[in-house]
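Heads up, the thing below is written out as structure tokens.
In the numbering used here, the protein residues as written are 8 to 325.
So this is what it looks like as structure tokens:
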């Protein structure tokens, strides 16, 4: 897998000034597009679209400083439809516009090429179980928020605080199966990245490159729900369930990363489309610690629908 990931990074470098297909990167790594996006994001700490944007602007900066070709030619070569769009993106990364950088020889930022190497880990055991669930619904209140890899997501916090207490009570009453009680469910939105990366995650406008549909909700089998609540239909399938205890949200976010970096490559499962569901409860007598239960939708490698690539969708930590 490491060799294939590095081959994929070489492919990215060869196509920084052209059309880059996530489907081809998935083919190189012998995974589905969905699995490749999730794996890359967890290992690199940023979505693939954000990495490609930074690499393109890093390489473009060298041409800007060289004095030729024209700034418009540089903009078009690296996928920007106008000099103005290129200037905005350039300034966002480098802190100065391309014209100023060319005139003054300014100090610029750079995104190094990523490469993956083996670090011997795995001396600790990851506790998990595989659960087969019939179709169910995630029922609650939904908000569209940006993905944040580290720390508390203030957009999610604001959404939860905006839900009236009476509505929260009605949501909680609909819980009738595992994971029990109020949970968080996240679904990453697919799309075309800001620099034309086909199949990348999230539109432009957020530093970490992705958007989520976040549900403050419960898992329910109810056939009918109140009209003012949002519903996400979840088909029958397999779920990998992980548990840990530690400081919130650091321990939880570490668990999310370890699932992608350690558990997925070591087990015959891949991600499949669906929400990632999180149940968090405070540890009694220690408010800084929490017990987390993370449900990840998976499919056994080689099962129907994997070989041809799992469709876009899915979720990400928040």
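We put the beta carbon where it would ideally sit given N, CA and C, even for glycine.
Within the model, the alpha-carbon separation for residue 192 versus residue 27 is close to 30 angstroms. Of all alpha-carbon atoms in 54, 109 and 99, the one lying nearest the alpha-carbon of residue 78 is that of 109.
If you draw a straight line from the Cα of residue 279 to the Cα of residue 140, it comes to about 14 angstroms. By the neighbour-count criterion, in which 16 or more other beta carbons inside 10 Å mark a residue as buried, residue 36 falls on the buried side. The three-state secondary structure of residue 155, taken from DSSP, is coil.
Nearest C-alpha to residue 277 among 173, 268 and 84: 268.
The DSSP-derived three-state label of residue 22 is coil. Taken through DSSP and simplified to helix, strand or coil, residue 277 comes out as strand.
Using a 10 angstroms sphere on the CB of residue 16, the tally of other CB atoms reaches 16 or more, which defines it as buried. With a cut-off of 8 angstroms on Cβ pairs, the segment 283-301 is not in contact with the segment 64-72, counting fewer than three such pairs. Fewer than three pairs of CB atoms, one per stretch, sit closer than 8 angstroms, so the segment 249-264 makes no contact with the segment 174-191. If the five residues before and after residue 11 are omitted, its C-beta is found closer than 8 angstroms to the C-beta atoms of 35, 36 and 37, all from its own chain and listed in chain order. By DSSP's assignment, residue 30 forms no beta bridge with any residue.
Residue 225 is classed as buried because its beta carbon has at least 16 other beta carbons within 10 Å across all chains shown.
In the DSSP assignment, residue 139 forms a beta bridge with 245. Here the alpha carbon of residue 90 sits roughly 6 angstroms from the alpha carbon of residue 82. Where residue 286 is concerned, the enclosing beta strand (DSSP E) starts and stops at 283-290. With a beta-carbon spacing of about 18 angstroms, residue 256 and residue 194 fall beyond the 8 angstroms limit used to define contacts. In the three-state scheme derived from DSSP, where H, G and I count as helix and E and B as strand, residue 134 is classed as coil.
Going by C-alpha positions, residue 31 is about 27 angstroms away from residue 246. At a Cβ-Cβ threshold of 8 angstroms, residue 219 and residue 236 do not count as neighbours. Close CB contacts of residue 170 within its chain, under the 7 angstroms cut and outside five residues either way in sequence, are with 148 and 223 (chain order). In this structure residue 249 is in contact with residue 266, their Cβ atoms being roughly 6 angstroms apart against a cut-off of 8 angstroms. Put simply, the backbone Cα of residue 293 is about 21 angstroms away from that of residue 188. Rounded to whole angstroms, the Cβ separation of residue 146 and residue 163 is 18 angstroms, and the two are not in contact under 8 angstroms. Taking the Cα positions, residue 98 is about 31 angstroms away from residue 221.
Of all alpha-carbon atoms in 115, 229 and 65, the one lying nearest the alpha-carbon of residue 85 is that of 65.
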